Amino acid sequence: MASKATPRPLPGQHQLSREFIAQHQRARIVSALALEVSEKGYRGVTVADIVKRAGIARNTFYENFGSKEDCFLAAQQFAMSTALSRVVEAAGEIDDWPHQVEAGLAAFLRYVAEEPALARTCMVDALAAAPASVRYYEESMQAFVSLFRLGRDVSPHGQELPDTLEEALIGGVFWILYQRLMVDEPEAIGELLPEVLEFALTPYLGAVAARAIASEADGVSPRHDRA
Amino acid sequence: MSDPVNPSVDSPEYPPELARLPPGRHGLPREFVARNQRERLIAGLAGAVAENGYAGTTIAHITRHAAVSRRTFYEHFNSKDECFVAAYDTVMTELRQRVDEAFNEEEEWPQAVRAGLAAMLEFLTAEPHLARLSMVEALVAGPVVVERYDGAIQGLVPYFEAGRKGRSAEVLAGLSPSTEEALVGGMVSLISRRIFAERAEELESLLPDLVEFALTPYLGSAEAAKVARAG
Numbered sequence: 000m001a002s003k004a005t006p007r008p009l010p011g012q013h014q015l016s017r018e019f020i021a022q023h024q025r026a027r028i029v030s031a032l033a034l035e036v037s038e039k040g041y042r043g044v045t046v047a048d049i050v051k052r053a054g055i056a057r058n059t060f061y062e063n064f065g066s067k068e069d070c071f072l073a074a075q076q077f078a079m080s081t082a083l084s085r086v087v088e089a090a091g092e093i094d095d096w097p098h099q100v101e102a103g104l105a106a107f108l109r110y111v112a113e114e115p116a117l118a119r120t121c122m123v124d125a126l127a128a129a130p131a132s133v134r135y136y137e138e139s140m141q142a143f144v145s146l147f148r149l150g151r152d153v154s155p156h157g158q159e160l161p162d163t164l165e166e167a168l169i170g171g172v173f174w175i176l177y178q179r180l181m182v183d184e185p186e187a188i189g190e191l192l193p194e195v196l197e198f199a200l201t202p203y204l205g206a207v208a209a210r211a212i213a214s215e216a217d218g219v220s221p222r223h224d225r226a
Numbered sequence: 000m001s002d003p004v005n006p007s008v009d010s011p012e013y014p015p016e017l018a019r020l021p022p023g024r025h026g027l028p029r030e031f032v033a034r035n036q037r038e039r040l041i042a043g044l045a046g047a048v049a050e051n052g053y054a055g056t057t058i059a060h061i062t063r064h065a066a067v068s069r070r071t072f073y074e075h076f077n078s079k080d081e082c083f084v085a086a087y088d089t090v091m092t093e094l095r096q097r098v099d100e101a102f103n104e105e106e107e108w109p110q111a112v113r114a115g116l117a118a119m120l121e122f123l124t125a126e127p128h129l130a131r132l133s134m135v136e137a138l139v140a141g142p143v144v145v146e147r148y149d150g151a152i153q154g155l156v157p158y159f160e161a162g163r164k165g166r167s168a169e170v171l172a173g174l175s176p177s178t179e180e181a182l183v184g185g186m187v188s189l190i191s192r193r194i195f196a197e198r199a200e201e202l203e204s205l206l207p208d209l210v211e212f213a214l215t216p217y218l219g220s221a222e223a224a225k226v227a228r229a230g
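In order, the protein sequences belong to chains A and B. Numbered according to numbering that gives the first Met the number 0, the first sequence spans residues 0 to 226. Numbered according to numbering that gives the first Met the number 0, the second sequence spans residues 0 to 230.
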């Protein structure tokens, strides 16, 4: 990466390897794109906006990405694969499905709180982006679907649940998070865990059992006891 | 709909706002012509966007589809965005009205939900251009429209909130404040992803799944499935 093409070299940049700088630049460009998209919408953002926000030269952008579409897809792949691997890692440590969902959703919410702009990009804006992004959105949706689908094995009526249930649940969770990201501080996202957990578990376990697990996640004793 | 010129609501295949005035001399009052031009522009935008996508649509495309002059366009709208917002609002008003009518015709809430959802899917299936405009292009058209899109979706929440009425304490304890929002978001996601993927022909077959999904938190899975599979 030609350092003279970069108008704002990072302190100590000369001591870093070319590879490190390249990686860092990509990450910086990707987060600049996410911030721009969350402010202006996908179509409203230009490469010039991204370049300006990232504080890099236009050339540097094109050394890393072929186009805005390309950059968006990279952002999406980066965010989705990070989120998914955190979810799988968190859920993998646990044996029973409802608590796997709890751990997985908690990990997902933590990621959303850490990277609100990128998360928003993946959950909503991706559908408005280029066809490759829409395809990637559908693929990552399927990965989440298969995690939820395991719940059919523990559900008393798992065989009869509608085919599209998991897609609808994930769509619902994404929508809630997207709505909250617009009005709340990202740190408040974690507080949604009991609500989204209950929403996700209810179709499989019934409202009462779902409520009991969700209340524990909250640290609150199950409210259905008093009913 | 507040349009006194085209008050008919039950029959037309196409939303009255979007109907075209036949070309030629008609001796109609100026105000009617103006109103009609606006509607033609809105229909023109829907057609142009269906053909070219929102980003690829120019004002020339819109005026060609509407068969009006560029000058007429600027008498009604300052920009493509403004025309899009008008089109979006028109489509959503129409959709809401159909859902409302279907919903209100039923006595019981579970059946009302079913009827409302059926009306929505029917409209989106019958009007693929408008379905695309309202569910796909709206997301792309910039923050002003996205805000309206969000508002329109949140506007569906009360239909489901009505289901809380008369439920047992146990059921109510199991509903969180965001249950309805999550239900609506999930349903819209199912619908719009099919429109994005140009699989709009699958929409009507989604009805039982959507009904069961929407009713389960209130009625439980077994009862929800029963309503979903009835009819």
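We put the CB at the ideal spot given by N, CA and C, even for glycine. Every value quoted in this text rests on a predicted model; they were computed, and no experiment measured them.
- prompt: Would you say A:Y41 faces chain B, with C-beta separation under 9 Å as the test?
  reply: For the purposes of this step, residue 41 of chain A is taken as the residue at position 42 of the first sequence. For A:Y41, the answer is yes, since a Cβ of chain B falls inside 9 Å of its Cβ.
task: Helix, strand or coil for B:S1, going by three-state DSSP, please let me know.
output: In the second sequence, the residue the question calls residue 1 of chain B occupies position 2. Low per-residue confidence applies at B:S1: pLDDT is 36, beneath 50, and the placement is therefore not dependable, though the value from the model is reported in the following sentence. In the structure shown, B:S1 sits in coil (DSSP, three-state: anything other than H, G, I, E or B).
query: Taking one C-beta from the segment 110–123 of chain A and one from the segment 20–40 of chain A each time, how about it: are there three or more such pairs within less than 8 Å?
result: yes
- prompt: Looking at the structure shown, is B:A223 part of a helix, part of a strand, or coil, going by DSSP?
  reply: Taking the first residue of the second sequence as 1, we reach residue 223 of chain B at position 224. Helix at B:A223.
task: Mark A:R25 as exposed unless 16 or more other C-beta atoms lie within 10 angstroms of its C-beta, in which case mark it buried.
output: Taking the first residue of the first sequence as 1, we reach residue 25 of chain A at position 26. Its Cβ being crowded by 16 or more others within 10 Å, A:R25 is buried.
message: If you reduce the DSSP assignment to three classes, tell me which class A:E114 lands in.
response: For the purposes of this step, residue 114 of chain A is taken as the residue at position 115 of the first sequence. In this structure, A:E114 counts as coil in the three-state DSSP scheme.
field: Neighbour list for B:G173 in chain A, Cβ cutoff strictly below 8 Å
entry: Residue 173 of chain B sits at position 174 when you count from the first residue of the second sequence. Correct list: E197, T201, A206, V207, A209, R210, H223.
task: Compare the beta carbon distance of B:R228 and A:E166 with 9 Å and say whether it is the shorter of the two.
output: On the second sequence, residue 228 of chain B is found 229 positions in, with the first residue counted as 1. On the first sequence, residue 166 of chain A is found 167 positions in, with the first residue counted as 1. It is not a contact, given that the beta carbons lie outside the stated cut-off.
task: Please name the residue, chosen from B:F83, B:P216, B:Q96, that lies closest to B:G232 on a Cα-to-Cα basis.
output: It is not possible to answer for residue 232 of chain B, since the shown part of chain B is limited to 0 through 230.
task: Just the C-alpha distance for A:E190 and A:A209, rounded to the nearest angstrom, thanks.
output: On the first sequence, residue 190 of chain A is found 191 positions in, with the first residue counted as 1. On the first sequence, residue 209 of chain A is found 210 positions in, with the first residue counted as 1. Rounded to the nearest angstrom, the two C-alpha atoms are 17 Å apart.
- prompt: The alpha helix (DSSP H) spanning A:F60 covers which residue range?
  reply: If you number the first sequence from 1, residue 60 of chain A lands on position 61. 57–63 is the extent of the alpha helix (DSSP H) around A:F60.
field: Residue-chain proximity (A:L164, chain B), Cβ-Cβ < 9 Å
entry: For the purposes of this step, residue 164 of chain A is taken as residue 165 along the first sequence, with counting starting at 1. Yes, contact with chain B.
- request: Report yes or no: do the segment 77–85 of chain A and the segment 132–144 of chain A share at least 3 C-beta pairs separated by less than 8 Å?
  value: yes
task: Check the Cβ-Cβ distances between A:P193 and every residue of chain B, and say whether any is below 9 Å.
output: Here residue 193 of chain A corresponds to residue number 194 of the first sequence, with the count starting at 1. With 9 Å as the cut-off, A:P193 counts as an interface residue toward chain B.
query: In terms of residue numbering, what span does the alpha helix (DSSP H) encompassing B:Q96 cover?
result: Position 97 of the second sequence, counted from the first residue, corresponds to residue 96 of chain B. Per DSSP, B:Q96 belongs to the alpha helix (DSSP H) from 79–104.
- request: Taking only the alpha-carbon atoms, compute the straight-line gap between B:P22 and B:S68 and give it to the nearest angstrom.
  value: The residue given as residue 22 of chain B occupies position 23 in the second sequence. The residue given as residue 68 of chain B occupies position 69 in the second sequence. Residue confidence for B:P22 is low, a pLDDT of 49 falling below 50, so the modelled location carries little weight and cannot support an answer.
- request: Determine the direct distance from the alpha carbon of A:V44 to that of B:I41, and round the result to whole angstroms.
  value: As a working note, residue 41 of chain B is residue 42 in the second sequence. As a working note, residue 44 of chain A is residue 45 in the first sequence. Looking at the two C-alpha atoms, the distance is approximately 26 Å.
- prompt: By a C-beta neighbour count over all protein chains shown, 10 Å radius and 16 as the cutoff for buried, is A:D124 buried or exposed?
  reply: Position 125 of the first sequence, counted from the start, is the residue given in the question as residue 124 of chain A. Classification for A:D124: buried.
query: Any idea what DSSP makes of B:A229, helix, strand or coil?
result: As a working mapping, residue 229 of chain B is identified with position 230 in the second sequence. Here B:A229 sits in coil by DSSP.
- prompt: Which residues in chain B sit within 8 Å of A:W96, going by Cβ to Cβ distance?
  reply: Position 97 of the first sequence, counted from the start, is the residue given in the question as residue 96 of chain A. Result: empty, since nearest Cβ-Cβ is about 16 Å, beyond 8 Å.
field: Inter-residue spacing [alpha-carbon to alpha-carbon] between B:M186 and B:L209
entry: Position 187 of the second sequence, counted from the first residue, corresponds to residue 186 of chain B. Position 210 of the second sequence, counted from the first residue, corresponds to residue 209 of chain B. The alpha-carbon atoms of B:M186 and B:L209 are separated by roughly 6 Å.
- prompt: Whole-angstrom Cβ separation of A:G170 and B:L189, contact assumed at under 8 Å?
  reply: Against the first sequence, residue 170 of chain A aligns to sequence position 171. Against the second sequence, residue 189 of chain B aligns to sequence position 190. Confirmed, Cβ separation roughly 6 Å.
- prompt: Exposed or buried, which one is A:M181 when buried takes at least 16 other CB atoms within 10 Å?
  reply: Residue 181 of chain A sits at position 182 when you count from the first residue of the first sequence. It counts as exposed.
- request: Could you list the residues in the segment 196–226 of chain B with a C-beta less than 8 Å from some C-beta on chain A, going in chain order?
  value: A196, L205, P207, D208, L209, E211, F212, T215, P216, G219, S220, A221, A224
task: Check the Cβ of A:F173 against every Cβ in chain B and list those closer than 8 Å, keeping chain order.
output: As a position in the first sequence, residue 173 of chain A is number 174, starting the count at 1. Here the neighbours are G184, S188.
message: With a threshold of 9 Å between beta carbons, is A:L149 in contact with chain B?
response: Within the first sequence, numbered from 1, the residue matching residue 149 of chain A stands at position 150. Output row for A:L149: interface = no.
query: How would you list, in chain order, the residues of chain B whose beta-carbon sits under 9 Å from the beta-carbon of A:Q141?
result: Position 142 of the first sequence, counted from the start, is the residue given in the question as residue 141 of chain A. Ordered by position in chain B, no residue passes the 9 Å Cβ test against A:Q141, which lies about 12 Å from the chain.
query: Which whole-angstrom value describes the C-beta separation of B:A85 and B:F76, a residue pair presumed to lie in contact below a C-beta threshold of 8 Å?
result: Position 86 of the second sequence, counted from the start, is the residue given in the question as residue 85 of chain B. Position 77 of the second sequence, counted from the start, is the residue given in the question as residue 76 of chain B. Sure, about 7 Å apart at Cβ, within 8 Å.
- request: Starting from B:T56, follow the alpha helix (DSSP H) in both directions and report where the run begins and ends.
  value: Looking up residue 56 of chain B in the second sequence gives position 57. Unbroken run through B:T56: none, as it is neither H nor E.
field: Interface positions of the segment 117–147 of chain B facing chain A (Cβ-Cβ less than 8 Å), listed along the chain
entry: The residues in question are V135, L138, V139, A140, G141, P142, V145.
- prompt: Under the three-state reduction of DSSP, which class applies to B:V187: helix, strand or coil?
  reply: Taking the first residue of the second sequence as 1, we reach residue 187 of chain B at position 188. Here B:V187 sits in helix by DSSP.
field: Neighbourhood of B:E104 by C-beta, 6 Å cutoff - its chain only, sequence neighbours within 5 removed
entry: Taking the first residue of the second sequence as position 1, residue 104 of chain B is located at position 105. Cβ neighbours of B:E104 beyond the five flanking positions: none.
- request: Just confirm the distance between the C-beta atoms of A:L176 and A:V111, as a whole number of angstroms; I'd bet it's less than 8 Å.
  value: For the purposes of this step, residue 176 of chain A is taken as residue 177 along the first sequence, with counting starting at 1. For the purposes of this step, residue 111 of chain A is taken as residue 112 along the first sequence, with counting starting at 1. The pair is a contact, with the Cβ atoms about 6 Å apart (cut-off 8 Å).
- request: For A:G170, go through chain B and note every residue whose CB falls closer than 8 Å to its CB, in chain order.
  value: By one-based count along the first sequence, residue 170 of chain A stands at place 171. Listed by position along chain B, the residues whose Cβ is nearer than 8 Å to that of A:G170 are G184, G185, M186, V187, S188, L189, R192.
message: So, for A:A90: in the same chain, excluding its five sequence neighbours on each side, which residues have a beta-carbon less than 6 Å away from its beta-carbon?
response: Start at 1 with the first residue of the first sequence, and residue 90 of chain A comes out as number 91. The beta carbon of A:A90 lies closer than 6 Å to those of Q99, A102, G103 in the same chain, with the five residues before and after it left out.
- request: Compare the C-alpha of A:L126 against each of A:L200, A:L204, A:W174, A:G205 and name the closest.
  value: The residue you call residue 126 of chain A lines up with position 127 of the first sequence. Cα-wise, what sits closest to A:L126 is A:W174.
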